[in-house]
Every structure is written in C-alpha cells, then in structure tokens.
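Have a look at the structure below, then the notes.
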Amino acid sequence: MILQAERLEVRHGATRALRDVTCEVAEGQVLALIGANGAGKSTLLRALAGLDAVRSGVIRLFGEDITGRSAHAVARRGLSLVPEGRQLFADLTVRENLQMGCYRAPGDRAAARLRFERVFGLFPVLRDFAERRAGMLSGGQQQMVAVGRALMGEPRVLLLDEPSLGLAPAYVGQILDVVRELADTGTAVVLAEQNAAAALRTADQGIVLSNGTVTHRAPAADLLADDDVSRHYLGVG
Ligand code: ATP
1 MILQAERLEV RHGATRALRD VTCEVAEGQV LALIGANGAG KSTLLRALAG LDAVRSGVIR
61 LFGEDITGRS AHAVARRGLS LVPEGRQLFA DLTVRENLQM GCYRAPGDRA AARLRFERVF
121 GLFPVLRDFA ERRAGMLSGG QQQMVAVGRA LMGEPRVLLL DEPSLGLAPA YVGQILDVVR
181 ELADTGTAVV LAEQNAAAAL RTADQGIVLS NGTVTHRAPA ADLLADDDVS RHYLGVG
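1 is the number of the first residue of the sequence shown in the UniProt record's numbering; add one for each residue after it.
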C-alpha cells in the first residue's frame with residue numbers, strides 16, 4: 001500500500017469530523033470516497049495531505065509515518081491534493097498556473113517541459129488555451145488546469161476533492177477518464193465525490209463515509225451493486 005490511514009480522528013472545534021477512519025490505497029488503484037455533504041470527505045483528504053491536524057491515528061506514505069507532518073513535507077514526499085473549488089490564480093495564464101505546480105523541481109527546465117507535454121497530452125484543450133487567463137476558462141477547463149497543476153509535481157499519490165462539482169456531464173467523463181488513466185500508469189488516487197455512481201465506475205475500491213465514520217468498505221463494483229448504497233447515494237449520476 002502506498003498510502004494508509006489507521007483509526008483517524010479529526011476535530012473541527014467541537015465537531016468530530018472523522019472518527020475511527022481507516023483506509024488505504026495501492027499503486028495503480030483508485031479509492032472512491034462516497035458520502036453526503038458534510039460526511040467528512042474533504043476533511044479526510046485534507047488530513048491525508050497534512051492540512052488538517054489529526055488528533056489520533058496514524059498516516060503512512062510509502063510505509064513512513066507522516067502523521068503530523070506539514071503539508072509541504074507531505075507534498076515533497078509525492079502526494080498532491082486538488083482542492084475542492086480548484087483554487088486557481090484567475091488572473092494568471094493557464095501556463096503560469098501549471099508552472100506553480102512545478103515546485104518539486106523548480107530549476108529543471110527540461111523536466112518541466114516534459115511535464116507540460118504530459119499535461120497537454122492528457123488535456124489537449126489546455127495547450128490551445130495556454131496563454132489565456134485561467135479565469136476566462138469554463139468550469140470544466142479550470143478543473144483540468146487544477147488537475148494539471150497537481151500533475152506538474154509528478155505526484156505518486158493524487159487526492160481529488162469533488163472534481164466533478166458543477167461540471168457539464170461531458171467534462172465529468174473527461175476528467176474521470178484521465179483519473180483512470182493516471183491510475184493505470186501507476187499513480188495511487190483517492191477520489192472524493194458526491195457523484196457516487198460516476199466515481200464508483202472509475203474506482204477499484206470504495207468507502208462510504210457518514211457523519212465522519214466509515215459505514216461501507218468494499219470493491220467499487222460491489223458498492224455499485226449494493227442495495228443500501230444504491231438507495232442512499234446512487235440517485236444521481
Ligand atoms: P462537502 O461535500 O460539503 O465538502 P464533506 O463530506 O467533504 O462535505 P467536510 O467538509 O469534511 O465534509 O465536513 C465534515 C464536518 O466537519 C461537517 O460537519 C462540517 O460542517 C465540519 N467542518 C468542516 N470544516 C470545518 C471547519 N473549518 N470548521 C468547523 N467545522 C468544519
């Protein structure tokens with residue numbers, strides 16, 4: 001397993017946002033996090049990325065205990081988070097936004113060029129719009145920039161928070177196809193999604209979070225076929 005979390009507890013003030021949450025993802029696999037608004041999906045991703053403090057439990061990345069490490073230290077070890085809402089620099093160009101993701105090897109121009117080519121290969125429209133300000137792009141294209149920016153750091157683990165939120169269906173398919181392709185080339189992916197059906201069709205494994213705890217854990221195909229999961233989470237998509 002590339003990334004493992006055991007018995008995590010995270011609090012936001014008095015709210016126990018995560019309780020006793022255990023999950024893991026292997027190289028080349030997509031783990032889907034399913035759950036209603038406020039179930040704790042973002043908190044779990046942020047805890048894994050070192051952005052939310054863990055009160056108890058252990059997080060291991062490549063076998064190393066990274067619990068309590070800074071987000072910067074976790075990123076340097078190969079983990080990237082694509083946050084909910086994308087958080088691009090609207091006034092910078094697409095190319096400049098992508099460049100921001102290069103900080104793991106800032107001086108190496110040849111390597112950066114290869115990474116640009118890889119991102120443009122995955123999302124060809126970004127090559128055409130490379131010199132446009134990111135704020136001028138559609139929501140789906142901005143999401144591509146956000147994913148592309150994370151990929152510029154060559155992560156071995158990619159965490160995605162609601163990448164399909166607010167996107168037209170055509171873009172949802174494109175983004176999730178790229179997620180699958182990244183996993184198939186060895187990246188470990190954790191995909192938090194309210195669009196549960198689409199996420200589970202992309203994923204290998206899935207967990208369902210409810211009120212900060214794991215209620216279901218199974219291969220994604222089994223969750224798709226599960227009556228209880230279907231009734232509560234698969235109404236859309
Ligand atoms: P969403 O889809 O809305 O992002 P989520 O499943 O990602 O939902 P979280 O955002 O992780 O859920 O929220 C889990 C719980 O923690 C919720 O009760 C939420 O209100 C609370 N919470 C999240 N962030 C904070 C914060 N910064 N301060 C206080 N409470 C918070």
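Think of the CB as a built atom: it goes at the ideal place given N, C-alpha and C, for glycine as much as any other residue.
According to DSSP, what are the bridge partners of residue i?
i	result
residue 226	In the DSSP output, where bridge partners are listed per residue, residue 226 has none listed.
residue 23	5
residue 34	193, 208
residue 64	61
residue 161	192
residue 133	93
Rounded to the nearest angstrom, how far is the Cβ of residue i from that of residue j, given a contact under 8 Å?
i	j	result
residue 94	residue 49	Not a contact, Cβ separation roughly 24 Å.
residue 40	residue 209	5 Å
residue 65	residue 10	The Cβ separation is near 17 Å, so there is no contact.
residue 90	residue 134	6 Å
Is it true that the CB of residue j sits closer than 7 Å to the CB of residue i?
i	j	result
residue 144	residue 102	no
residue 161	residue 80	no
residue 195	residue 164	yes
residue 188	residue 25	yes
residue 203	residue 32	yes
residue 223	residue 200	yes
residue 186	residue 63	no
residue 3	residue 45	no
Do you know offhand how far residue i's Cα is from residue j's?
i	j	result
residue 8	residue 215	15 Å
residue 69	residue 121	33 Å
residue 77	residue 59	13 Å
residue 23	residue 198	20 Å
residue 221	residue 5	22 Å
Compare the C-alpha of residue i against each of the options and name the closest.
i	options	result
residue 36	201, 193, 198, 172	193
Is there a Cβ of chain B sitting closer than 7 Å to that of residue i, yes or no?
i	result
residue 194	Absence of chain B from the displayed structure is noted, only one protein chain being present.
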